[in-house]
Structures are given as C-alpha cells and as structure tokens.
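Undergrad: So the protein lines, in turn, are chains A and B.
In case it helps, this note's numbering puts the first sequence at residues -8 to 118.
In case it helps, this note's numbering puts the second sequence at residues -1 to 493.
First the structure, then my questions, so here it is.
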Amino acid sequence: MKNKKWLGDAELEIMMVLWRVDEPVTSKYVLENLPKRRAWVLASLMSSLAKLCEKGFVSCDRTYRLNQYVALVSEDDYKAQEGEKVLSNLYENSLHNFVTTLYSKKVIGDTDIEELRQFLDSLNKGG
Amino acid sequence: MSQFVVNILWVSVVCGVFILGIWALSPILSKHFNAKWKYWVWILIALRLVVPINFGLPQFTAPAGMSEVMAIQNMPVAELFAPLPIPSQADTTEPPVYSAHSLMESIAIYQVLFLVWFVGGIAFAAVQAARYFIVKRKILRWSAVPKRHEIDETISKLSMEMGINAAIFPMVNKGIASPMIMGLIRPVLMLPHEDYESNELTFILRHELTHFKNKDIVYKVVLFIANAIHWFNPIVYLMVQEAHADMERVCDDAVLENSGTEERREYGEVILNSIGQQKMRGNVFTTNFYAGTNKIKARFTNIMDVKKKKSGFVQLLVIAFAAVILSGIRPVMGYPTETANAIQPSDFVHSHIFTAMMVDSANIDILDIHLPYANLMVATNDYIAPGTQVFISGTTLGNVFTINPATRTAYIRNNTQLPEGFGYYEESILSIVVSGESDWVFEQANIHLENGDIWYIHAHINEFLAENLNVSLPQGSVLKHVFHTDRVLIEPSNE
C-alpha cells in the first residue's frame, strides 16, 4: 500500500472475517461470522464494506447476483503497517492480574519442555 | 493522618507475619489438605489488607481504663477537673524552650509517609490498570470469531453442566500465549488458535469455565487491590503469587474431580502441549526459567495426585480468625506508647483516666501570657460534638470549658487564675469531654474567662476524626487528650 490507510475497530472485524477465508464471500457470510459483541446489522455492514472497497482494502465482485467480497490487503501486511507484531511477553504479563489463564506464561526452553514431559511421565508411573 | 499511616503499616506487618507462616507451613500442610483452604486464607488476608481500619477496640488494651471512664461519667465535672497542684518553681530549672518544632517534624514525617504511600499505590494501580486496558483493547481488536462450531457447542454444553448462565463468547487471537478469559460482564474466552483435539478442547474450556464459575477474576482483582495498597511490602507480592498458584490448583482440582490417573495424565499433557505449541509459534522468549518449570512441576504433582484430601476448613477458620483479630488488636493506633509513659501519674490528679483514652500528639501553642491570662493555640481540625468541654490539665490551668457550637466559644467554669510565679509547663493535656450529640467542626474556640478576657483555641485532632467520626459518645466520656504543649516559662506580669 502506497498511501497508508488505517482500519477502525469495526472495519478490522470485517477484515478479520475476510482474512480467514480463502475465497470471495457474500455480505451475508461476513455478517454471520462477525463477533457478536457489536450489534451488526446488514445495512451498517454494507456501508462499511463499501467504505473498505473505497479505501482499497476489499474488492467487490458484482458479477453474480450477490456481491462477492475479497480482501485485497493481507493480514500480515496490514499488521506490519500498524506496527502490530505478535503480542510480546511484556504485554501479556500486564494482563495476569485481571484475566484467568490455562497456564501462566513464565517458561520455557525446549529442554524445559522435555524435562517437564519426563517429570509428568515419572509422576504417571509413580502414581 | 499519622493514625492512618500507622494502621496501614500495622496491618501490613501482622498480615505479613501470617503470610510467611502459612507459606512456610504449606509444604507440610498440602500433603494433607487440598489447595482450597489456602485459596480462602489468602483472600481473607487480602480483604484484611484492603480494609486496614482500626476496629476501635481500645477495651482490648485497656479494659480497666474503660471502667474508670464509666465511673467518671457520674462525677461532677468540676470535681473531676479540679485545679491541679502547682509545680514548684524549683522544678523549673530549664530555660523556656519552644519545642513545638519536634512535633511539627513528626507530623511532617507522617505526611511525607502518607504521600509516598498514596502516590506509590496510585502509580502501581494506574500503571497496571492502564496496561491491562490497552492490551485488552489490542487483543480484542485483533481477535476473530472461531470458525469451528464445536467450540461454541462445547462451551454451551459445559456451561449447562456447570450451571453457568452467562453467555461466554469465544474468540481466537494468534497473538496470545495461553487460553484465557477476559472480562466479567461480557466475558470473552480467548484461544490462541482453534486447532485443538476434541478432548484437549474440552479440558481447556472446562478449565477456563471453572475459573469463570469460581469468580477467579474477582479473586485476582481483590488480590491486586491488596497489592496496590501494600505495594511497599514484598511479602504481599509473595502472597499474590502463592494465591494465583493456589487458585490454579483449586481450578485443576475442580476440573479433575472424580477423574482417574488416565484423565489426569491427559490433562497434564494438554497444559504441556499448550506451552509447547506456544513455543513453536515463537511467541515466548526462549529463556530457561527454572522458577517457571518448578511451578509447573508443582502443578503437575497436584494434578496427578489422585488422593482425596480434606479441604482443611477448620485450619482456615482458625487462621483467618487469628489474622483478623490480631491485626485488629493493637495499642490504640497512632499513639506512641512512649508518650504515654512519659507522663507520670503523679503529674496529673486524674491520670487514671488517661489510660482508656484516645491520645494524640497535637500541639498547644501558647501565644502570649499576661498573668493571670494566657492565649493558647491548639493545632487541630476536628469534628467535636457541640457542648464539648475542653479541659486543660497538667498545668495550673485546671479548667473545664463548655464549647458552644453556635459561637464555637467555650466558657470557663471554674478556676481560671494562674498563680503568680508559676513555672513552665510542658506536655500539658487538652481533654475534650463530650456533653452533646451532633457534630461540628472545632476549628477555633474562644474561651471566655470570667474577667472578660478571651483565649483562642484552635484544635486539630485528626486521628480522632479518622477513627470516630459520626460516633456518638456518652456524656462525660473523654474523647481526647492533646500532649506536647510548648514549654513556656510563665513569669509574673508587671502590668
């Protein structure tokens, strides 16, 4: 992308749906696969999609009866543009007081995982 | 304010001792009991840490004094506060020294301590909360709805089974390391990916839903608040860590209730896989972190432990009760015992009263003295009941004043004359005796002497305000003594 454009939260939700399919999809499909946190209706989705087309993030194929949408900018490209890398440990550690997790993220090297597996095995045999 | 600072420190120290004790004992105790009792002990201690107020139990320290207060209520005020003996000139070898500065310094230290504590706590909480909200927003922004319907289905099936009514939205975010639940009102169950095996998925979802059902986010937030208030206490950080680990254990125990070795092993495998997958995704710094592996090992040991253990509720109750009571009893806070000791019973006719009373180091400035009158300034800022009587003892100013709430004026009742040649006095006491009900601010009182002169009294008795606001006290009980007056040599006036 030459001219940098940014996605709002709602627009990003739409893009996330499009990024997760390999083929062009209809607006109905997008609507069904959007997070339920935001109260999406078809009308607002259509106008957001039109805006995304305008911005050049999405292409709209009007050859069929139902418009088909496909992402033009890849997830990785946009992430790179936003400077959004994978969440670092630092970020995730700042959550630990307020969320519950399966395990707390403090580890781990390859040797550690191997060591833990052996430990689990030894418990299994011992028990 | 000094009272408040001392309260916080006291609670921190007492709870710290308990935390260390439980921490030291837990390897032995966890052989016989499951993690549940500790899980509850931690939260009770945390609650105690969050509410660091004095329970107002002076009778615990001075029951005898209390009965004396009762006794004096029936005595005529004038009799109670009759003029005290005059110290002889010979006692007063020291030159006039204005020692108010030392008191002001100690107030300043408390104010500095309070400020440091307050700013530190706010900074601790604000930084963490801000980071949480920023990261939460970032995570939600980059999350997608899972495509796999099994996730939704398993969540609703497990929710039914576990009696969870709230709708829990699953989301997928490649950026996170571990599955997690965020939020209380609109809980979002966040998964790092959705390619789990079916049984793996069930374990993970059951684990997270168990956290949700146990209100573990609330649990964590209470710990966090305790930690923010006691940010200066390293033992509290230890407790938070331990409590988080025990919370995991309680959750694991609930997930594996009635499970055999095979299932337990599988569950351990799920956790291990989850860590391993994350490693492969390159989201984790590849540092060996032995504390980390040790913690996971301890968790695995707990997971693989099929033995049914008692939850140890009796132990819990004993420890909780002791913690609450012990940190509630203490010498009336903010009242340095040395100060009490510094006053010899022989100094005061009615010294027996003082044992039961709120004592504070406030300051009485003597502005000027023209015998037989004195202008006094007492540094205070307090709420005191109307009709409050001010009594200054420890000097020849053995007078009782009744303060009129409307005029904020106190009138002298009995003896007012300062004897000629009276020596300096120090550590005099201002006692405020309640004789009315409703509150008013005692900032300045004018004490009218019978001969038409006026004394001005400013009172700042913060600790009393902090502890006893809106408490109505029986008539005749003594609220307050104020120590540390200036040392002033009273010389005969030549007027």
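No residue lacks a Cβ here, since even glycine has one placed at the ideal position from N, Cα and C.
Just to confirm, are residue 166(B) and residue 153(B) a CB contact at a threshold of 8 Å?
TA: yes
Undergrad: Can you give the Cα-Cα distance for residue 105(A) and residue 271(B), rounded to whole angstroms?
TA: 11 Å
Undergrad: What's the gap between the Cα of residue 31(A) and the Cα of residue 123(B)?
TA: About 35 Å.
Undergrad: Assess contact between the region 197 to 206 of chain B and the region 19 to 31 of chain B, defined as three or more Cβ pairs (one per stretch) separated by less than 8 Å. Is contact present?
TA: no
Undergrad: Tell me the rounded alpha-carbon separation between residue 213(B) and residue 90(A).
TA: 11 Å
Undergrad: 8 Å is my cut-off, CB to CB: does residue 270(B) come that close to chain A?
TA: yes
Undergrad: Across the region 156 to 165 of chain B and the region 7 to 25 of chain A, are there enough close Cβ pairs to call them in contact, namely three or more that are closer than 8 Å?
TA: no
Undergrad: When burial is assigned at 16 or more other CB atoms within 10 Å of the CB, is residue 393(B) buried or exposed?
TA: Note that residue 393(B) scores 32 on pLDDT, short of 50, meaning its location in the model is unreliable; the coordinates nonetheless yield the value given after this. By the 10 Å Cβ count, residue 393(B) comes out buried.
Undergrad: Count the other C-beta atoms from every protein chain shown that fall within 10 angstroms of the C-beta of residue 19(A), then say buried if there are 16 or more, exposed otherwise.
TA: exposed
Undergrad: Give me the Cα-Cα distance between residue 135(B) and residue 22(A), rounded to the nearest whole angstrom.
TA: 22 Å
Undergrad: Please work out which residues of its chain come closer than 8 Å, Cβ to Cβ, to residue 320(B), disregarding the five sequence neighbours upstream and downstream, and give them in chain order.
TA: Contacts found: 16.
Undergrad: Within 10 Å of its beta-carbon, does residue 128(B) have 16 or more other beta-carbons around it, so buried, or fewer, so exposed?
TA: exposed
Undergrad: Using three-state DSSP, classify residue 176(B) as helix, strand or coil.
TA: coil
Undergrad: Between the region 38 to 47 of chain B and the region 305 to 318 of chain B, do at least 3 Cβ pairs fall closer than 8 Å?
TA: yes
Undergrad: Starting from the beta carbon of residue 26(A), find every residue of chain B whose beta carbon is closer than 8 Å, and list them in chain order.
TA: 141, 142, 143, 167 and 169
Undergrad: On the three-state DSSP scale, how would you describe residue 91(B)?
TA: Confidence at residue 91(B) is low in this model, with a pLDDT of 40, below 50, so its placement is unreliable and the value that follows should be read with caution. Residue 91(B): coil per DSSP, three-state reduction.
Undergrad: Would DSSP call residue 60(A) helix, strand or coil?
TA: strand
Undergrad: Locate the beta strand (DSSP E) running through residue 207(B), then write down its first and last residues.
TA: Unbroken run through residue 207(B) is the alpha helix (DSSP H), 196 to 211; no beta strand (DSSP E).
Undergrad: Starting from residue 168(B), follow the beta strand (DSSP E) in both directions and report where the run begins and ends.
TA: Residues 167 to 170.
Undergrad: Out of 275(B), 293(B), 2(B) and 300(B), which has the shortest C-alpha to C-alpha gap to residue 195(B)?
TA: Of 275(B), 293(B), 2(B) and 300(B), the residue nearest in Cα terms is 275(B).
Undergrad: Out of curiosity, what's the CA-to-CA distance linking residue 208(B) and residue 57(A)?
TA: 44 Å
Undergrad: From the DSSP output, in three-state form, read off residue 49(B) for me.
TA: coil
Undergrad: Assess contact between the region 34 to 54 of chain A and the region -4 to 3 of chain A, defined as three or more Cβ pairs (one per stretch) separated by less than 8 Å. Is contact present?
TA: yes
Undergrad: Three-state secondary structure (DSSP) at residue 563(B)?
TA: Beyond the ends of chain B as shown, which are -1 and 493, falls residue 563(B); an answer cannot be given.
Undergrad: Does DSSP put residue 91(A) in a helix, a strand or coil?
TA: strand
Undergrad: For my contact list, residue 198(B) and residue 268(B) are in at a C-beta cut-off of 8 Å; report their separation, rounded to the angstrom.
TA: 5 Å
Undergrad: Does DSSP put residue 308(B) in a helix, in a strand, or in coil?
TA: If DSSP states are grouped into helix, strand and coil, residue 308(B) belongs with the strands.
Undergrad: Can you pull the chain B residues whose beta carbon is under 8 Å from the beta carbon of residue 49(A), in chain order?
TA: The premise fails here: residue 49(A) is roughly 16 Å from chain B at the closest Cβ pair, so nothing lies under 8 Å.
Undergrad: Hey, is the region 62 to 76 of chain A in contact with the region 217 to 234 of chain B, meaning 3+ C-beta pairs nearer than 8 Å?
TA: In this structure the region 62 to 76 of chain A does not lie against the region 217 to 234 of chain B, because fewer than three pairs of beta carbons, one per stretch, are closer than 8 Å.
Undergrad: Report yes if the C-beta distance between residue 40(A) and residue 60(A) is below 8 Å; otherwise report no.
TA: Residue 60(A) is positioned such that its CB atom lies closer than 8 Å to that of residue 40(A).
Undergrad: Terminal residues of the continuous alpha helix (DSSP H) containing residue 39(A)?
TA: Start and end: 33 to 46.
Undergrad: How many angstroms separate the CA atom of residue 259(B) from the CA atom of residue 304(B)?
TA: 7 Å
Undergrad: With DSSP as the reference, identify every bridge partner of residue 23(B), one or two as the case may be.
TA: Residue 23(B) is not bridged to any residue.
Undergrad: In chain A, what lies closer than 9 Å to residue 206(B) by C-beta?
TA: 91, 92 and 93
Undergrad: Check the DSSP bridge columns for residue 189(B) and list the partner residues they point to.
TA: 170(B)
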